[in-house]
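S.K.:
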Amino acid sequence: MKRVRVLVTLLAVCATVAAFIARTVRGEGGEPRYFAITNARIVPVSGAVIESGTVVVAKGLIQAVGTSATAPAEAWVIDGKGLTVYPGLIDAGTDIGMPKEETAEESAPAAGRGRGRRRPAPSGPLAMGSEDRPGTTPWRVAADELKTDDKRIETWRNAGFTTALTVPEGGIFSGQASLIDLASERPGQMVVNPLAAVVLSFKSGGFFGFPSSLMGTIAYMRQVVDDTTWYEQASAVYEANPNKYERPAYDRTERVVGGAIRRKEIVLVPANNSIQILRAIRLAGEWNIPAVLYGGQEGYAVADVLAGKKVPVLVNLKWPERPKDPDPEAEQTLRELQFRDRAPGTPAALAKAGAKFGFYSGALAGPKEISKAVKKALDAGLAPDAALRAFTLDAASILGVSDRMGSIEPGKIANLVVTDGDIFSEKTKVKHVFVDGRWFEVHEAPPGEKAADKKPATDDKSSSFEEGAGVNR
Amino acid sequence: MRRPLLLAGILIGTLVPNRALAQAPGTILIQNATILTITHGNIEHGSILIRDGKIAAVGTDLKAPDGATVIDAGGQFVMPGIIDCHSHIAVDGSVNEGAPAVSSMARIPDVLNPDDVDIYRDLAGGVTVANILHGSANPIGGQTVVIKLRWGKSASELPFEGSMPGIKFALGENPKRSNFAPPPGVPQRYPATRMGVEEVIRQAFTEAREYKKQWGDYTQRKAAGEQNLMPPRRNEALEPLVEVMEGKRYVHSHCYRADEILMLLRVAKEFGFKVRTFQHVLEGYKVADEIAASGAGGSTFSDWWAYKMEAFDAIPYNAALMTDRGVVVSINSDDAEEATHLNQEAAKSMKFGGLSATDALKLVTLNPAIQLGIDNRVGSIDVGKDADLVIYNHDPLSVYAVPQKTLIDGQVYFDRARDIAHRADVEKEKQALIDKEKKAAEAEKKSEEKSPDKSEAKPEKKPAKKKPTTSGVAGDAR
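Line order of the protein sequences matches chains A and B.
So that you can map any letter, position 47 of the first sequence is 47 in our numbering, and since no number is skipped, the others follow by simple counting.
So that you can map any letter, position 50 of the second sequence is 523 in our numbering, and since no number is skipped, the others follow by simple counting.
Next up, the structure:
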C-alpha cells in the first residue's frame with residue numbers, strides 16, 4: 001500500500017508551482033457561486049465515507065452532501081466519477097501572508113541578540129524589567145498585516161490546503177495569530193478569525209537586557225498575567241468609583257491581553273521536548289490559560305499526560321534532522337539520535353493515547369516537504385484516518401472553528417479538496433480545490449515545461465516559527 | 474580516577490533519558506559494611522535495613538527479612554549521601570537573569586531540567602541532594618530550590634519535598650560588575666560599588682515592606698467587608714522578599730570579603746530577616762564570631778582562591794577555623810565537576826585545620842543538611858531518615874575512594890557495575906541508529922535521483938520502494 005505517499009504526489013506535483021495553472025474559473029457575469037460535484041467518493045471526516053454521492057456548494061457554504069443530494073439547476077456540475085472529495089486541509093502554523101520586513105514596532109526589544117535573523121538591532125534603551133515590556137506586541141494581529149502576494153497561498157492551495165493559521169513573529173508576546181482561507185484578492189476576505197490565538201515564545205536576549213534567561217522570560221510572562229488580572233479588576237473598580245480613586249494607568253499590553261483572556265482566546269505555547277511540554281502544561285494550569293502547545297515533537301514520551309490533561313498539540317512537521325554539516329569531532333549523543341528516530345512517531349503515539357493534535361508546516365519550504373514529513377509519520381504508525389482528522393476536523397476543533405470547517409457537512413464553509421485517489425497515496429493528484437466556495441482547478445504542467453518556481457517562497461524569509469524545533473536540552 | 478566516572482555518566486545518561494533507573498521502593502539490606510553514621514560513630518561489619526525508602530534499622534546483627542534485596546558491601550564503606558549546598562546543575566537556560574539589579578522574580582523551579590547529564594555525573598560522585606542556585610549577577614538574585622538527584626524522574630519530582638525555598642543574594646565584584654564591561658552603547662548597570670550593592674538591597678526591602686503593608690491593609694479591609702476597594706498590584710519581584718522577612722524563604726548570599734559579610738548582617742537586622750548561609754565566604758574566618766552569633770551558616774570551598782581580587786585573602790583553613798568558632802560549615806562545589814569529588818574536598822580540611830574524620834565528612838553531609846533545614850530527613854545514617862546513601866569501595870576520605878552505588882529514598886539511582894555493563898549496549902544502540910539514519914538518507918537520495926521533480930506522478934518510475942509500508946498498523950514497528 002503506497003497510500004502513504006499521501007499528499008506527496010499531489011503536493012509534489014503542485015509544488016512545481018508556476019507551471020500549474022490554478023485560476024478561478026470565471027463565467028460571464030461574474031464568478032459562479034453554485035457547484036455540484038456528482039458521483040464522487042466523499043470523505044466527510046465527521047461521518048462515514050460515502051462511496052458515491054454529491055456535494056452541493058452554494059454561496060461559499062456546503063449546501064448538501066450525500067447520495068440523495070441533487071445538483072440544483074443553477075450549479076456548475078463537476079463529474080466526480082473516479083474522484084474523491086475531502087475537507088480542505090488546515091496548516092495550523094505558518095507565516096504565509098506575513099510581510100517579509102519586520103514591521104512591528106517593538107517596544108524595548110529584549111537585548112536584541114535574539115535568534116531571529118530579522119530582529120532589528122536594539123534601537124531604544126534595553127529593557128531592564130517587566131515594566132519595560134520587552135518583546136511585547138500582543139496588539140499585532142496577523143490579519144492586519146496580511147499580504148495577498150505571497151506565492152505560498154497558491155502553492156499550498158494547489159496541494160489541498162484551504163486554510164492556514166498564520167502567525168506573527170518576533171518577541172515574547174509577538175501578537176495574535178489569524179486563521180485565514182487561502183484564496184482572495186483582498187486580505188479581509190481571507191480572514192476566518194483574526195483573533196485566533198495569542199502567541200507566546202520563550203525567547204530571551206543577551207546578558208544585558210531583560211529577560212536574559214528562560215526563567216526570566218517565564219517570570220516576565222507571569223508578571224504580565226498578574227498585571228492583566230489586576231488591570232481588569234482595577235478598571236472595574238475605577239469605573240464604578242471614578243471620584244474615589246486615581247485612574248489606573250493605561251497599558252496597551254494589559255488591555256489587549258485582558259481582552260484575549262476574556263474571549264477565552266487560545267494561547268500558543270512553544271514546547272517541543274518532553275521537559276518543555278510538561279513545563280508548558282504546568283504553567284498553563286498555573287496561569288489558567290487555554291493553552292495549545294506547538295512543536296510537540298517529543299510528544300511520544302508524554303502522550304499520556306497530554307491526553308490526560310486534555311492539552312492539544314500542534315505538531316511541527318519539520319522533523320529533527322541530522323545537522324547538514326556537522327562538526328566531525330562532535331559526538332552525537334544517544335539522546336539526540338533517539339529523538340531524531342522517534343519524533344515522527346509522535347502523531348501515532350498521540351493518536352493512540354487519545355490526545356488531540358493538528359499539524360503545522362512551520363519552517364518547511366513547501367508542500368513537497370510537508371508530504372514527505374507526513375509520510376514519515378504514517379510510516380511510523382499513524383493511521384491515515386487519524387492523519388486526515390489532524391489536518392481537518394481536529395485542527396478545526398483545536399482552533400475553535402469546528403462549527404464552520406473541518407468536515408463536509410451542510411452549513412460548513414465550502415473548503416474542499418478533490419483528488420483522483422486516496423489523499424495519502426503518492427500517485428494521487430489534486431484536481432480541484434474549493435476555498436470559501438470558490439473553485440480552483442489544478443492543472444498539471446505541460447510535460448517538459450520547467451518548473452519556474454522551484455525555489456520555495458520561504459527561502460528568503462525562513463520562518464522563525466520553529467522555536468519549538470530542536471530538542472534543545 | 475575521575476575519567477571513567479564521567480564516561481559512565483555520558484553513557485547511561487543517554488541510554489534512558491526518561492525512565493527511572495531505580496526500581497520501586499522495597500526492602501533492602503546493606504550488609505558487611507563499614508558504616509559512617511556521622512552522628513554516632515562508625516560501625517564495622519554493620520548493616521542498614523531500608524524499608525519504604527527510609528532507614529529502618531542500623532546495627533551489626535540485622536537479618537534480611539523475607540523478600541528483601543541484599544546488597545553485600547563487604548570491605549566497603551557506607552556514608553550518608555553528599556549534599557551540595559551550592560550547585561547550578563539541572564537548569565534550562567542561563568542561571569543568571571542578569572539585567573535587573575533585583576531579579577527575584579526569576580525562579581529556578583520554573584526551569585529545572587531533569588535530563589541534564591550533570592545530575593547523573595554528580596550522582597556518580599555520591600551526591601544525592603543539591604541546592605540549585607541562581608547566579609550571582611545581582612545583589613538580589615532569583616529564587617532557588619533544593620533537589621534530590623532523582624535521575625530519570627520528571628522535573629516536578631526533583632524538588633526535595635517540604636524543603637524551604639530560598640533566594641540568592643550576591644555581594645561584591647559580581648553584582649557591581651567589576652570584571653566585565655557591557656558592550657558599546659549599553660550603559661553600566663547600577664550598582665557599580667559595594668555601597669551601591671547595599672543600597673539596592675535596602676531599597677528592595679524598603680519596597681517589600683511597603684508592599685507587604687499595602688496587601689495587609691487591603692486584605693484586612695476586604696475581610697471587614699469593605700466594598701469597592703482598589704486592589705494592589707501583584708509584584709513577582711517583591712513577593713519573595715516579603716517571604717524572606719516572614720521567615721518563609723532562606724537567604725543564600727554569595728560573598729567574599731569580611732566587610733560585606735558584616736554589611737549584610739546589619740541590613741538583615743534592620744529589616745528583621747536572617748541570612749541562612751553565606752556562600753563562598755572566603756574571608757569568613759575573619760568574622761567567624763559574628764557569623765556564628767547571627768546563626769548563619771558558612772558554605773565555602775576547600776582550597777580555591779585568587780581567581781579575582783576579592784578572593785585573594787582566602788586560606789584553606791577557612792572551613793576548619795569557622796567550625797572552631799561555632800559556625801555550621803559546609804563545603805560546596807559551585808561546579809558540576811567539582812561536585813563529583815566533594816568527599817575529597819572535605820578531606821582537605823583534615824590536612825588544613827585538623828578536623829576529625831567525622832567533622833570533615835559533616836562538611837558535605839550533616840552540616841549542609843542543617844544549613845538547608847533538611848537535617849531531620851537527611852545528612853546522617855539514623856533510623857527514620859531517608860535512605861540517601863552512598864557506598865564507596867574505600868574510605869571516602871581517601872583519594873582512592875570511588876562510589877559504587879548511590880541510593881536516594883532507598884532506590885539505587887547509580888550503580889557503577891550496572892553502568893559499566895551497559896556501555897556496550899549504548900554503543901550498539903547508537904551505531905544502529907546512525908546506520909539507520911544513513912540508510913534512510915541514501916534511500917531518499919536514490920529515490921530523488923530516480924524521480925526528478927515532477928515524475929512522482931508516474932508510478933512505474935518508483936520500483937525502488939521495496940519496503941512495504943504498513944500504513945495504519947506499524948505503530949509497534951519501533
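Every residue, glycine too, gets a C-beta built ideally from N, C-alpha and C.
With 16 as the cutoff for other CB atoms within 10 Å, does residue 436/A come out buried or exposed?
M.R.: When all chains shown are included, residue 436/A counts as buried.
S.K.: Give the DSSP bridge partners of residue 486/A, in chain order.
M.R.: Chain A is shown from 1 up to 473; residue 486/A falls before or after that span and cannot be answered.
S.K.: Give the range of the alpha helix (DSSP H) segment to which residue 591/B is assigned.
M.R.: Residues 590-596.
S.K.: Does residue 132/A pass the burial test, meaning 16 or more other C-beta atoms within 10 Å, or should it be called exposed?
M.R.: With 16 or more Cβ atoms within 10 Å of its Cβ, residue 132/A is classed as buried.
S.K.: Please state whether DSSP places residue 147/A in a helix, a strand or coil.
M.R.: The answer is coil: DSSP assigns residue 147/A none of H, G, I, E or B.
S.K.: Which one of 213/A, 259/A, 58/A has the shortest CA to CA distance from residue 198/A?
M.R.: Nearest C-alpha to residue 198/A: 259/A.
S.K.: Taking any Cβ of chain A, which residues in the region 536-570 of chain B have a Cβ under 7 Å from it, in chain order?
M.R.: Those would be 565, 566, 567, 569, 570, in chain order.
S.K.: Could you confirm whether any beta carbon from chain A is found closer than 8 Å to the beta carbon of residue 505/B?
M.R.: No, residue 505/B lies away from the interface with chain A (no Cβ there is under 8 Å from its Cβ).
S.K.: By the criterion of Cβ-Cβ separation under 7 Å, what are the contact partners of residue 211/A in chain B?
M.R.: Correct list: 570.
S.K.: Count the other CB atoms, across all protein chains shown, that sit within 10 Å of the CB of residue 250/A; report buried if there are 16 or more and exposed otherwise.
M.R.: Classification of residue 250/A: exposed, given that the 10 Å Cβ count is below 16.
S.K.: Pairs of beta-carbons, one from the region 42-52 of chain A and one from the region 81-98 of chain A, closer than 8 Å: are there three or more?
M.R.: Short answer: they touch.
S.K.: Could you check whether the Cβ of residue 275/A sits closer than 8 Å to any Cβ belonging to chain B?
M.R.: For residue 275/A, the answer is yes, since a Cβ of chain B falls inside 8 Å of its Cβ.
S.K.: What's the gap between the Cα of residue 412/A and the Cα of residue 624/B?
M.R.: For residue 412/A and residue 624/B, the distance between alpha carbons rounds to 51 Å.
S.K.: Are there any heavy atoms of the ligand FMN lying less than 7 Å away from the beta-carbon of residue 822/B, as far as the coordinates show?
M.R.: This structure does not include the ligand FMN; it has no bound ligands of any sort.
S.K.: Verify the CB distance criterion: does residue 340/A have a CB-CB separation below 8 Å to chain B?
M.R.: Yes, residue 340/A lies at the interface with chain B (some Cβ there is under 8 Å from its Cβ).
S.K.: With DSSP as the reference, identify every bridge partner of residue 728/B, one or two as the case may be.
M.R.: According to DSSP, residue 728/B bridges with 753/B.
S.K.: Which of the three DSSP states is assigned to residue 895/B in this structure?
M.R.: Correct three-state label for residue 895/B: helix.
S.K.: Please check the pair residue 792/B and residue 836/B, which I expect to be a contact at CB under 8 Å, by giving their CB distance rounded to whole angstroms.
M.R.: Confirmed, Cβ separation roughly 6 Å.
S.K.: By a C-beta neighbour count over all protein chains shown, 10 Å radius and 16 as the cutoff for buried, is residue 604/B buried or exposed?
M.R.: Buried: at least 16 other Cβ atoms inside 10 Å.
S.K.: Indicate the three-state DSSP secondary structure (helix, strand or coil) for residue 128/A in the structure shown.
M.R.: It is coil, neither helix nor strand.
S.K.: Note down, in chain order, each residue of its chain lying with its Cβ closer than 8 Å to the Cβ of residue 147/A, except the 5 sequence neighbours on either side.
M.R.: So the qualifying residues of the chain are 97, 98, 99, 187.
S.K.: Tell me which same chain residues have a C-beta within less than 7 Å of the C-beta of residue 445/B, skipping the five on either side of it?
M.R.: Only positions 474 to 951 of chain B appear in this structure, which leaves residue 445/B out of reach.
S.K.: What is the DSSP secondary structure of residue 427/B, reduced to helix, strand or coil?
M.R.: With chain B covering only 474 through 951, there is no way to say anything about residue 427/B.
S.K.: What in chain A is Cβ-close to residue 656/B, meaning under 8 Å?
M.R.: Within chain A, the residues near residue 656/B are 208.
S.K.: Residues of chain B with CB under 9 Å from residue 244/A, in chain order?
M.R.: The answer, in chain order, is 701, 703.
S.K.: Going along chain A, which residues have a C-beta under 9 Å from residue 583/B?
M.R.: Under the 9 Å cutoff, chain A gives 214, 215, 218, 219, 222, 279, 282, 283.
S.K.: Return the residue from the list 237/A, 222/A, 334/A, 156/A that minimises the CA-CA distance to residue 479/A.
M.R.: This structure cannot speak to residue 479/A, because chain A is shown only from 1 to 473.
S.K.: Check distances from the C-beta atoms of the region 71-83 of chain A to those of chain B and list, in chain order, the residues that come in under 7 Å.
M.R.: Within the region 71-83 of chain A, no residue has a Cβ that lies closer than 7 Å to any Cβ of chain B.
S.K.: Checking contacts by CB at 8 Å: is residue 241/A closer than that to chain B?
M.R.: Chain B, which has a Cβ nearer than 8 Å to the Cβ of residue 241/A, makes this yes.
S.K.: Could you tell me the distance, in whole angstroms, from the CA atom of residue 207/A to the CA atom of residue 576/B?
M.R.: Rounded to the nearest angstrom, the two C-alpha atoms are 13 Å apart.
S.K.: With burial defined as no fewer than 16 other Cβ atoms inside 10 Å of the residue's Cβ, what is the status of residue 431/A: buried or exposed?
M.R.: By the neighbour-count rule (16 or more Cβ atoms within 10 Å), residue 431/A is buried.
S.K.: Is the separation between the beta-carbon of residue 615/B and that of residue 215/A shorter than 8 Å?
M.R.: Closer than 8 Å, so yes.
S.K.: Look up residue 187/A in the DSSP assignment and say whether it is helix, strand or coil.
M.R.: DSSP places residue 187/A in helix when its eight states are reduced to three.
S.K.: Please report the straight-line C-alpha distance between residue 408/A and residue 60/A, rounded to a whole angstrom.
M.R.: Residue 408/A and residue 60/A: Cα-Cα distance of roughly 13 Å.
S.K.: So is residue 27/A in contact with chain B if we call contact Cβ pairs under 8 Å?
M.R.: Reliability fails at residue 27/A, whose pLDDT of 46 lies under 50, so the model's placement of it is uncertain and no value is given.
S.K.: Which class does residue 532/B belong to by DSSP, given the choice of helix, strand or coil?
M.R.: Three-state result, residue 532/B: strand.
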